[in-house]
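J.: Got a structure here, written out as structure tokens. Questions coming.
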Amino acid sequence: MAKFAAAERAAAAAGWRYVVVTGWCRHVAVGLDTLSARRRPVVDRLGLHGELLELAAERPRRFGDLVEATSLPAVARAHAVHLL
Numbered sequence: 006m007a008k009f010a011a012a013e014r015a016a017a018a019a020g021w022r023y024v025v026v027t028g029w030c031r032h033v034a035v036g037l038d039t040l041s042a043r044r045r046p047v048v049d050r051l052g053l054h055g056e057l058l059e060l061a062a063e064r065p066r067r068f069g070d071l072v073e074a075t076s077l078p079a080v081a082r083a084h085a086v087h088l089l
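In case it helps, our numbering puts the sequence shown at residues 6 to 89.
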């Protein structure tokens, strides 16, 4: 409790608000679970890995725009989620 109180005072001195978070919102937990489920080896027979990385290196893009710019958007979507 003393550490939380000290952190709150330090934040107030800097003009910040201080909040202690004790759990994840449901949508955050679902998103993390989805990404975690994709952690498995993937064979890239269509060469989408390199294509996605090249497109991402060109400039920042929204996720949907990135996969739509590939030669096979439907397959690239699943591969891009795996890369995340």
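Think of the CB as a built atom: it goes at the ideal place given N, C-alpha and C, for glycine as much as any other residue.
Compute the Euclidean distance between the alpha carbons of A12 and R31, then round it to the nearest angstrom.
T.: As a first step, residue 12 is located in the sequence shown; it is residue number 7 there, counting from the start. As a first step, residue 31 is located in the sequence shown; it is residue number 26 there, counting from the start. For A12 and R31, the distance between alpha carbons rounds to 27 Å.
J.: Taking 7 Å as the cut-off, is the CB of T39 close to at least one heavy atom of the ligand FMN?
T.: The ligand content of the structure shown is nil, which means the ligand FMN is not present either.
J.: What whole-angstrom Cβ distance do S76 and E56 have, given they're in contact under 8 Å?
T.: Indexing the sequence shown from 1 puts residue 76 at position 71. Indexing the sequence shown from 1 puts residue 56 at position 51. The Cβ separation is near 7 Å, so the contact holds.
J.: On the three-state DSSP scale, how would you describe T75?
T.: Looking up residue 75 in the sequence shown gives position 70. Coil at T75, not helix or strand.
J.: Over the uninterrupted alpha helix (DSSP H) stretch that includes A11, give me the two end residues.
T.: Here the question's residue 11 lines up with position 6 in the sequence shown. Segment 7-18, the alpha helix (DSSP H) holding A11.
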